[in-house]
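Going by mature numbering (1 follows the signal peptide of the UniProt record, and there is no 0), the first residue of the sequence shown is number 119, and it counts up by one from there.
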Amino acid sequence: PSARAYRVRVSPVGDGQFLIVFNDVSGLHRIDQMRTDFVANASHELRTPLASLRGFIETLQGPARADPKAQERFLGIMLDQVNRMSRLVDDLLSLSRLELKSHIAPGERVDLVPVLSHVRDSLMPLGESLGVTISLSVPDGPVIVPGDRDELVQVFENLVENACKYGQEGKSVAVELSSLAGGGAEVSVTDHGPGIEAEHVPRLTERFYRVNVEASRSKKGTGLGLAIVKHILTRHRARLLIQSEPGKGSRFTVRF
Ligand code: ADP
């Protein structure tokens with residue numbers, strides 16, 4: 119289904135003969151198209167809260183000028199919109215920073231045990247606010263992988279946050295770390311939420327891909343979380359496996 123694109127060069131080689139060279143530039147075209155789509159999506163995501171802010175400012179300057187109750191409510195909604203734009207800009211910046219250093223392998227030796235404890239502690243308040251408990255199971259002793267600590271914190275924060283946000287019907291999220299025989303390590307994040315239909319699974323790490331846009335927005339999603347996860351893991355030469363069964367839940371596994 120994907121059309122191919124070629125650059126054609128014709129050079130005379132004498133005796134009325136010509137050399138015709140076809141260069142397959144489909145890959146470059148695809149990258150151009152992806153870039154254009156990305157800018158269009160990012161602009162759209164920023165324009166929506168901006169349009170809403172403009173509407174509220176006009177209302178505050180006009181009809182709601184003398185209505186303190188309406189003013190308070192509108193200011194609350196405006197703050198939500200500003201927070202949404204900040205999250206989006208933060209995620210866009212993270213992605214562009216990661217792209218700049220995608221070819222450099224991270225150099226630290228990171229113990230995953232304190233990384234995961236930190237992630238559990240920092241997401242405990244979100245879990246509590248959603249009525250979700252986060253359990254953590256780790257082996258005795260350190261589990262060291264080559265990596266960048268802050269980036270790995272971001273990976274597991276994104277996965278655990280998603281599990282809490284989208285898996286909340288099941289009310290529990292399990293984070294499990296294990297060392298693999300023959301070296302390496304594995305971290306899985308399991309929820310018992312609604313799960314994801316198989317057709318969506320391969321596309322989840324695309325930028326701005328969301329199974330249900332409105333649900334994701336209402337859960338404060340930007341659609342960039344798993345794209346960031348994928349970028350960081352590629353740089354770490356680690357793999358993300360997504361298993362999900364609709365109605366039963368999802369498991370996101372990172373294999374180092
Ligand atoms: P968002 O910021 O929208 O959460 P992500 O890139 O983190 O974006 O995730 C992309 C989409 O994948 C989400 O919008 C959601 O539809 C789906 N998703 C991610 N994690 C889960 C999960 N644990 N359970 C169900 N759906 C999920």
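Cβ atoms here follow ideal geometry from the backbone N, Cα and C, with glycine treated the same way.
Check                                                                                                                     : Outcome
Residues bridged to Val228 (per DSSP)                                                                                     : Val263
Under the three-state DSSP convention, the category Leu254 falls into                                                     : strand
Exposure of Pro119, with buried meaning 16 or more beta-carbon neighbours within 10 Å                                     : Only weak support is given to the placement of Pro119: the predicted model assigns it a pLDDT of 47, under 50, and the value that follows is read from those uncertain coordinates. With fewer than 16 other Cβ atoms within 10 Å, it is exposed.
Residues that Ser306 bridges to, as DSSP identifies them                                                                  : Glu294 and Thr371
Helix, strand or coil at Leu322 [DSSP, three-state]                                                                       : coil
Spatial neighbours of Ala322 in its chain, beta-carbon cut-off 6 angstroms, leaving aside the 5 residues before and after : The sequence shown places Leu at residue 322, not Ala. Answer for Leu322: Leu344, listed in chain order.
Inter-stretch contact (C-beta, 8 angstroms, three-pair minimum) for the stretch 152 to 167 and the stretch 127 to 138     : no
Under the three-state DSSP convention, the category Tyr284 falls into                                                     : helix
Supposed contact pair Arg355 and Gly341 - C-beta distance, whole angstroms, cut 8 angstroms                               : The pair is not a contact, with the Cβ atoms about 25 angstroms apart (cut-off 8 angstroms).
Cβ-based burial, Leu146 [other Cβ within 10 Å; buried from 16]                                                            : exposed
Close Cβ partners of Leu298 (< 7 angstroms) along its chain, the five nearest in sequence each way excluded               : Glu304
Range covered by the beta strand (DSSP E) that runs through Gly132                                                        : Tyr124 to Gly132
Neighbourhood of Gln199 by C-beta, 7 angstroms cutoff - its chain only, sequence neighbours within 5 removed              : Pro167, Ser170 and Leu171
Contact check, Val237 vs Glu275, beta carbons under 7 angstroms                                                           : yes
Local conformation of Arg191 per DSSP, three classes                                                                      : helix
Beta-bridge pairing of Arg357 - partner residues as DSSP gives them                                                       : Arg373
Between the CA atoms of His162 and Gln361 - distance to the nearest angstrom                                              : 31 angstroms
Ile314 - DSSP class collapsed to helix/strand/coil                                                                        : coil
Coarse secondary structure for Ile350, derived from DSSP in three states                                                  : helix
Check whether Arg127 and Val139 have beta carbons under 7 angstroms apart                                                 : yes
DSSP beta-bridge partners of Val363                                                                                       : As written in the sequence, residue 363 is Glu, which differs from the Val given in the question. BP columns for Glu363 point to Gly367.
Cα-Cα separation between Thr371 and Ala188, rounded to whole angstroms                                                    : 46 angstroms
Inter-residue spacing [alpha-carbon to alpha-carbon] between residue 379 and Lys219                                       : Residue 379 lies beyond the range of the chain shown here (119 to 374); nothing can be said about it.
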